[in-house]
Amino acid sequence: MRVLHISWEFPPRVIGGIASHVYDLSRAFARRGIEIHLTTCNFPGAKEYENVDGVNVYRVESYAAGDSFLGWALRMQKNLERSSCDLINLIKGVDLIHVHDWLSGVAGIGLKHLYRQPLITTMHSTEYGRRTGIHNDLQASIHEIESWLCGESWRVITCSYYMRDHVSWSLRVPEYKICVIPKGVDVTKFNFGFDYWQTRNRFANGSEKILLFVGRLVPEKGLDVLISALPNILSSGVNAKIVVVGEGPQREQYQQMANDYGLAHKILFVGYIDDWTLRTLYRVADVTVVPSKFEPFGIVALEAMAACCPLVVSAVGGLNEIVDHEGTGLKVPMNNPDALASAILRIIRDVGFKDWIVNNAYQKCAWNYNWNNIAAWTAGVYDTVLHEYYTGSWKPTN
Amino acid sequence: MRVLILTWEYPPKRLGNVSEHVNTLAHELVRRKHEVEVVVLDDWRQGFEDVYGVHVHRVANPVKTHPMASMLTYAVTASLPFEAESSNIVYYHKQQQRSIDVIHAHEWLTVYPAIILKHAFNIPFVLTFHSLEGHRCHDRFSAPSIAIKEIEDAGMWESNEVITNTDWMRNEVLRYYGSGHAGKTNVVWPIGEDWVDHVVSVYQKVAK
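Listed in order, the protein sequences are those of chains A and B.
Take 1082 as the starting number for the first sequence in my numbering and just add one per residue.
Take -4 as the starting number for the second sequence in my numbering and just add one per residue.
See below:
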């Protein structure tokens, strides 16, 4: 089987979550013996062609003037599409075209018709979800493109049941076209030796419990809820500190909020940090808190589970499906600082309970969110689609 | 010869002069026993029509909403139905053991589908410039204007032959996009009895 993946980002070009997803997934496919070709945008210093653990990566000129992000994204995809045509002619055809979000989907639609091969789309997120509604023409056109893309796709893959429902109603996609396959995490990446106290002392005093928050500082990630919960935690006699990894437009506001509570010394904004430091931080943190208000999947939860850090999450979106309440973590209603505080206190005070959920969470991670299994499930979708394609009548005529 | 014409205007849709130009061209080609497929963007009249021997395929832009005054995003999303319909035409003829000899694109609006079809099916394309962004737009450093000029430039590089309607226009095209293209830039005055014969002679230069 020969599959063409198209993605607008691939390491070293990393802008959102799609890059690492495609990186891990395509390498897992290559390990299964599926021939993967991937076209993506170029990046300063990255090679035009590269073989990354068996994945053939082609980086395409992506600079193009446009009148907006949308204008650029559409023109960039014409470049991707043109180079993919040359690639497909060179390797004498592909069996399937797999695209990720509308940022590579428009190129996929064209290739589907030009070569008459099935198109599979992974919807990582939707414009409707990102903006909590459609508010202007720019967003409306992206929304329309997403709906069109799902209509053109043979199957749509989403990362959670929540996203399946969301894609289904917001983009008007029949549910039978949507397959749910979670994202994955590599647990072996979190298993390494390091100096525990040296890392810990970088971020907190010895007596402080570290509450770790990882995410962009935007309203839907809900850091304000965690900050509101902090006075409750401290007044219960637990000396805790919030460590915030990530940047975003709301940072000033959250800083001001901490000042107003008189708790500026109990919140540390560390900004973006490198992957290795982040993994050590997961290992030394006492609780990872994910108080999101909208979350298609929640990769932070997986990383915490893989690093054996106990989890408190709000029961929304994909988080609701990753975490089993009192099994692999604690779930609280969203936007509820009191519930969040008591859940955090419960984990900090009950060490036996903490060990139980951490152990369960690690086991779940190692099986459910294992890239080899995810590649196998996705390959199952490929097989189904190809079977339908071969028994159908829509084919190129030579 | 089998010609695939890509255009944004074909009667009854009429934005400017191109509509009448393409209409005359198509019917004169059919009169000379050439086979003509026209793919035209027409949001209100989708479907196939045989107009006295001219096969007209009207397609619609699947994305209806666009940011205010963004001709650019409208044009780039419109490229996809052009590609899809043209692929159907190419596969239809392949089934009959025939092939398309030449693609004739009009204006920057159809440059993208022409480029993509050229790369996918290895069909040469001829590009006619009826006007240029540099003349139309007086805000020449605005982002959309720069983008459209880039697309016109890509059309100059990727096309196998370029046609202009006047000597003045040829000079302007070469002034904007480089005199290196002089060798493949033709002038065909679209008047008189035999101008379509001149267009056919340009087709014959590139057809395999």
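Here a beta-carbon is modelled for each residue, glycine too, at the ideal position from N, C-alpha and C.
Helix, strand or coil, according to DSSP, for A/N1454 in the structure here? helix
Under a three-way DSSP split, which group does A/I1259 fall into? strand
Under 7 Å Cβ to Cβ from A/L1161, same chain only, skipping five residues before and after it: list those, please. Counting only Cβ-Cβ distances below 7 Å, and skipping sequence neighbours, we find I1087, T1120, V1141, S1185 and A1188.
Cα separation between A/V1136 and A/F1091? If you draw a straight line from the Cα of A/V1136 to the Cα of A/F1091, it is about 12 Å long.
What does DSSP give as the partner residues of A/Y1139 in its beta bridges? A/T1120 and A/Y1130
So is B/W163 buried or exposed if we call it buried at 16+ other beta carbons inside 10 Å? exposed
Unbroken alpha helix (DSSP H) runs of length 4 or more, entirely within the segment 1128 to 1213 of chain A: which are they? 1150 to 1171, 1183 to 1196 and 1208 to 1211
Quick check: the segment 1421 to 1439 of chain A against the segment 1357 to 1364 of chain A, are there 3 or more CB pairs under 8 Å? no
Option nearest B/A115 by Cα separation, candidates B/L127, B/H52, B/I158 and B/Y86: B/Y86
Quick one: what's A/S1395 bridged to in DSSP? A/V1413
Once DSSP output is grouped into helix, strand and coil, what is the label at A/K1322? strand
Are any of the Cβ atoms in chain B nearer than 8 Å to that of A/V1254? no
Taking Cβ to Cβ, would you say A/F1294 is nearer than 8 Å to A/V1266? no
Rank B/N166, B/D38, B/I95 and B/H99 by C-alpha distance to the C-alpha of B/H130 and give the top, closest one. B/N166
Among B/K179, B/A142, B/E15 and B/S137, the one whose alpha carbon lies nearest that of B/W152: Each of B/K179, B/A142, B/E15 and B/S137 was checked against the Cα of B/W152, and the nearest Cα belongs to B/K179.
Just by C-beta distance, which residues in the segment 39 to 72 of chain B are closer than 7 Å to chain A? P57, V58, K59, T60, H61, P62, M63, S65, L67, T68, V71 and T72
Helix, strand or coil: which one does DSSP assign to A/N1286? coil
Hey, A/N1320 and A/K1290: beta-carbon distance below 8 Å or not? yes
If I measure Cβ to Cβ from B/Y172 and keep anything under 8 Å in the same chain, skipping five residues before and after, which residues do I get? E147, D148 and M151
Any idea which residues DSSP pairs B/E44 with across the strands? Beta-bridge pairing links B/E44 to B/V51.
Span separating the alpha-carbon of B/S126 from that of B/N181: 15 Å
At the 8 Å Cβ level, is B/K203 part of the contact set with chain A, yes or no? It does not; no Cβ of chain A falls within 8 Å.
Return helix, strand or coil for A/R1236, following the three-state DSSP convention. strand
Distance between B/S154 and B/V97 (C-alpha atoms, nearest Å): 11 Å
Applying the criterion that 16 or more other CB atoms from any shown protein chain within 10 Å of the CB defines a buried residue, is B/W103 buried or exposed? Note on B/W103: 16 or more other CB atoms within 10 angstroms of its CB, so buried under the neighbour-count rule.
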